[in-house]
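The structure under discussion appears below in the form of structure tokens.
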Amino acid sequence: MRRLIELAKIVDGDLNHSPELEISGVGRIASVSESEITFANSRSHYDRFLASDASAAIVSGIEGITDQPIGQQKTLPKAVIVVADAEAAFAAIATEFRPVIERRTSGVHPTAVVASTASIGPDVTIHAGAVVMDGAVIGDRSTIFPNVTVMEDCQIGQDTTIFPNTVLYENTVVGDRVILHAGVVLGAFGFGYKSHTGKHELSAQLGNVVIEDDVEIGANSTIDRGTFDATRIRRGTKLDNLVMVGHNCDVGEDNLLCSQVGIAGSCNVGNGVVMGGQVGIGDHLNIGDRSILMAKSGLMHDVDPGQAVHGIPARPARKQMQIMAVSSKLPEMRKMLKQLSKSVEQLQQRSASVDQCRDAA
Amino acid sequence: MRRLIELAKIVDGDLNHSPELEISGVGRIASVSESEITFANSRSHYDRFLASDASAAIVSGIEGITDQPIGQQKTLPKAVIVVADAEAAFAAIATEFRPVIERRTSGVHPTAVVASTASIGPDVTIHAGAVVMDGAVIGDRSTIFPNVTVMEDCQIGQDTTIFPNTVLYENTVVGDRVILHAGVVLGAFGFGYKSHTGKHELSAQLGNVVIEDDVEIGANSTIDRGTFDATRIRRGTKLDNLVMVGHNCDVGEDNLLCSQVGIAGSCNVGNGVVMGGQVGIGDHLNIGDRSILMAKSGLMHDVDPGQAVHGIPARPARKQMQIMAVSSKLPEMRKMLKQLSKSVEQLQQRSASVDQCRDAA
Amino acid sequence: MRRLIELAKIVDGDLNHSPELEISGVGRIASVSESEITFANSRSHYDRFLASDASAAIVSGIEGITDQPIGQQKTLPKAVIVVADAEAAFAAIATEFRPVIERRTSGVHPTAVVASTASIGPDVTIHAGAVVMDGAVIGDRSTIFPNVTVMEDCQIGQDTTIFPNTVLYENTVVGDRVILHAGVVLGAFGFGYKSHTGKHELSAQLGNVVIEDDVEIGANSTIDRGTFDATRIRRGTKLDNLVMVGHNCDVGEDNLLCSQVGIAGSCNVGNGVVMGGQVGIGDHLNIGDRSILMAKSGLMHDVDPGQAVHGIPARPARKQMQIMAVSSKLPEMRKMLKQLSKSVEQLQQRSASVDQCRDAA
């Protein structure tokens, strides 16, 4: 519990009333409870605050309130702390209630198993139960959380964080400032088989996975090794949870791949691409720079740079929207079609009888 | 191997014949082999038993058999054990062949690493290789299986089971009688980015994950932490494997979320909702109480309470069924449309010639 | 760095020129850089090599080059090493630059925790942090990588490889020459519930998972245990990453299941089946031998042997292709329909006026 006046001081804000109000925590407007503080940085947001259970909010950018002296807000129905940037101030207060864990460099935990041939940079932390196998290199200030497995000859850059229970197969290369969340698997075998008389024989697995600088990969995502060379995720690209990137793919820079996206083998994805959740991409496709693949799309063809696509099969998004709109009228269209067919038949009969009649005349 | 008469005794049932028959195990009707025993609790089930390889079944609720004295069943072609509840008796016999593992409270394994600042309740079991970090609290009688990682300040309730290799990020809160299956990841970073000139900067990650009482979460599912406050799964909700719940979501009570469901950030899901496999839900949507989202649906809009929806984009299920039925006639409709178009053109020409003719007359 | 002439010797090939060229590694034609060597085994592949950054390639099967004496190739614009099988030679050179890790049998690592009641065959390797619980059996020459958890009474065959952080629940049976990639979970509870007044109670979890010989399972895939007996994956079947197989399923021999496929409970899948990525199969369905389920299909009905299906709902692929083609014309069809409707109305009016006219005459 913190008094409202204390919170106002922390964010250097102006409080209108109720300095002694006890606050138990922070809550977004959609889920805030009575004793929590929320924030509002627009009129509509502020109106939702008034309608919510919350008795206090941090506010900014609301006409008639934040642009007036605090003295004039004393009659407002609920307590507000006026600041310059409500979201930033809200974040500061959130950390008051749930402090960010400060993790200090703590070296190699006695239960971690680090091969004598591995090379560990200065100020690296390797937590309990982590295993670093022969020839692996871990760069300065990187953190390996508990129960991570780093297999032979992996190279991990500087200031990289690998969360618990993640697995890097042999020869995986990871850049600087990379974040690998828990349960990520890099470098498992590519799903390539040669089939003889119905039996499937695994193809070559001689490549590896290369993750460039500033990439972030979500929990339980998997990226398979290349057949001969690298499956590559380029600088600055972010993957959400449970994403699959197949063998030999080259995924460009600064992409955003939402949860449960699946990319089959040997695709080339450009830079600045955005993929919605559960998108699937067939193998050997080229996805152009800055293209947008809308959620759940199924790609069977290349995508041009800058293009937005949608649907299964994926089509230009505008076109797909039209198709979806018309689809919802399909039952009605079918009825109409049947009726038209009947009308035309009647007209044809009449027309024939008119002809007959004329012929007879 | 067990003799049939022994099995009959175990379930206190009446056997018609073949007491010395040797039984090697149990098998459902769909996969039972000759030496196994199966069960039937309906006439159709019983008929499948007769047609199967099995030589014996536990039966209940079959007219003309289970409602007659066992003496009259001696001439039946296959051996049956008549009981009051065939499925329950079948379960009892299954445990004869594959006994349920009895796991006793065994304290903290010497290779588990439990921080001195962690608080461990009475009768807790922490298995080999599990790591419990600073400030974590584990309630009475809970079980932490091998290679689980519980990060700082997590709070785990009583009688909760965490299967191997699961990861709880810092500040995760888990209730009583919760089951987390292997490979679950709770509290990884939410997939929220602010993009400046094409670069993506991670948003605040100040929240946590709250799992209420009696929730069960399937293998390798992932639930991301909230931006400022909690991503929450409410009491009694069950998640299947490989499910993704995005940051800031509030998932209500007693839901069933089938495998590979993905829910994007900041959704509010009501109580008693059922989601089929591979459903995807766009961000910031409201899913009403007791609604049903059919398998593979893609949600782009809110769903009303009690509504059943289906399709991509999701529409009322009844409507979508109609659309799907008509869709299958699309090629035929197009042909019909072309033909009609031709017919109408002909009629127009004739009509024009009739007019001409009339005008000429 | 290797000189080109050295590489030619390794693969016993004929080099046309540039013996002293320094090569830094291998690259597929799609991603090769200037200092790397690539390969070409067709004319079109060779043309791409000429257009690429690469200065050298291993070649076979290219008319006018590989069928001519090497002496005649001296004037070719780029260096080539002519061999009998370019892909095989390329693989050999790939291993020169990134040697395959040789892992020797190394027994049980001191930090592995193996129950005294477990039975470990000769020449088994159990790596650091792996946990093998009571009664488990591990066959000859099998390898258990770090941080794997093998629960009670599991039976693992010979020459089987279990990559890091994989989990086998109690009673799981795994055959010979099986590969389980990192993060796989076998035997978690089936998603079966009995619901009373809106609450969900877990059904029996008495079965197990059986993985037959020569099966390979991709990273983070999950297979749930049967209710009473086995969920079974039969001999030679290969699963890609993030695949879900529900409880009681029986998946036949020599199948290929691509990434993110989900199979609901109690399905029977035949032999030689191929499933594309993100396919979903409803519960209790029968999928015939050698059927093909195209990517992203949603199965609501059984599939006949040899049938190819596609779409949501899945239909015969040929039919679905027609439907998809016509779908793209839906907006145009609707316009056409409206126009036709108008034309027919006009024709009806005219026809009526003709009739009137005739009646009046």
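Same order as they appear, the protein sequences are chains A, B and C.
Each step along the first sequence adds one to the number in the working numbering, with nothing skipped, and position 175 is 699.
Each step along the second sequence adds one to the number in the working numbering, with nothing skipped, and position 59 is 583.
Each step along the third sequence adds one to the number in the working numbering, with nothing skipped, and position 162 is 686.
Cβ coordinates follow ideal geometry from the N, Cα and C atoms, glycine included.
Whole-angstrom distance between residue j and residue i, CA atom to CA atom
i: C/Glu626; j: C/Val632; result: 17 Å
i: B/Ser852; j: C/Asn792; result: 26 Å
i: A/Arg749; j: B/Lys602; result: 55 Å
i: B/Arg527; j: B/Ile547; result: 6 Å
i: C/Gly714; j: B/Phe715; result: 29 Å
i: B/Val785; j: B/Met768; result: 6 Å
i: C/Lys886; j: C/Pro543; result: Any question about residue 886 of chain C goes unanswered here, given that chain C covers just 525 to 885.
i: B/Gln863; j: A/Lys866; result: 13 Å
i: B/Leu600; j: B/Ile589; result: 9 Å
i: C/Asp481; j: C/Ala575; result: Any property of residue 481 of chain C remains undetermined from this structure, which presents chain C solely from 525 to 885.
Closer than 7 Å to chain B by CB, residue i
i: C/Thr685; result: no
i: C/Asn795; result: no
i: C/Gln680; result: For the sequence presented, residue 680 of chain C should be read as Ile rather than Gln. So no, C/Ile680 is outside the interface.
i: A/Ile553; result: no
i: C/Met525; result: no
Same chain, Cβ closer than 6 Å to residue i, neighbours up to 5 away in sequence not counted
i: C/Asn689; result: Asn671, Ala706, Gly707
i: C/Ala886; result: No answer is possible for residue 886 of chain C: the residues shown for chain C start at 525 and end at 885.
i: C/Thr635; result: Ala652, Gly653
i: B/Ile816; result: Val798, Ala832
i: B/Asp774; result: Arg756, Asn792
i: A/Arg842; result: none
i: A/Met824; result: Gly806, Pro837
Same chain only: Cβ atoms within 8 Å of residue i, ignoring 5 sequence neighbours per side
i: A/Glu694; result: Met657, Met675, Glu676, Asp677, Cys678, Gly711, Asn732
i: C/Asp826; result: Leu809, Asn810, Ile811, Gly812
i: C/Asn795; result: Arg758, Gly776, Glu777, Asp778, Asn779, Asp813, Arg814
i: C/Tyr717; result: His724, Glu725, Leu726, Ser727
i: C/Gln729; result: Phe713, Gly714, Arg749, Thr751
i: A/Leu545; result: Arg527, Leu528, Ser579, Ala580, Ala603
i: B/Lys820; result: Gly800, Gly801, Gln802, Val803, Ile836
Identity of the residue in the options nearest residue i by Cα
i: B/Asp753; options: B/Thr746, B/Ile747, B/Val734, B/Asp764; result: B/Val734
i: C/Phe669; options: C/Val655, C/Gly659, C/Gln682; result: C/Val655
i: C/Phe621; options: C/Arg567, C/Thr667, C/Ile594, C/Val550; result: C/Val550
i: C/Leu766; options: A/Ile747, A/Ile805, A/Thr761, A/Leu726; result: A/Ile747
i: A/Ser727; options: A/Ser877, A/Glu740, A/His771, A/Ile553; result: A/His771
i: A/Lys762; options: A/Val798, A/Val739, A/Ser559; result: A/Val739
i: B/Ser630; options: B/Asp647, B/Arg701, B/Ala554; result: B/Asp647
i: C/Asp700; options: C/Gln880, C/Ile586, C/Gly645, C/Thr590; result: C/Gly645
i: C/Ser783; options: C/His834, C/Ser745, C/Ile586; result: C/Ser745
i: B/Arg567; options: B/Leu817, B/Glu558, B/Glu587; result: B/Glu587
i: B/Lys859; options: C/Ile847, C/Val868, C/Ile605, C/Gln870; result: C/Ile847
Beta-carbon proximity check, residue i vs residue j, cutoff 7 Å
i: B/Ile582; j: B/Val607; result: yes
i: C/Ala788; j: C/Gly806; result: yes
i: C/Gly801; j: B/Gly653; result: no
i: A/Thr696; j: A/Thr667; result: no
i: B/Leu704; j: B/Ile741; result: yes
i: A/Ala639; j: A/Val535; result: no
i: A/Ala743; j: B/Val698; result: no
i: A/Thr684; j: A/Val702; result: yes
i: A/Asp571; j: A/Glu558; result: no
Min CB distance residue i to chain A below 7 Å
i: B/Arg473; result: There is no way to answer for residue 473 of chain B, as the model of chain B reaches only from 525 to 885.
i: B/Glu676; result: yes
i: C/Thr619; result: yes
i: B/Ile847; result: yes
i: B/Ser640; result: no
i: B/Leu763; result: no
i: B/Ser867; result: yes
Contact set for residue i: own chain, Cβ-Cβ below 7 Å, skip 5 residues either direction
i: B/Glu611; result: Phe563, Asn565
i: C/Phe614; result: Val550, Phe563, Ile582
i: B/Ala618; result: Val550
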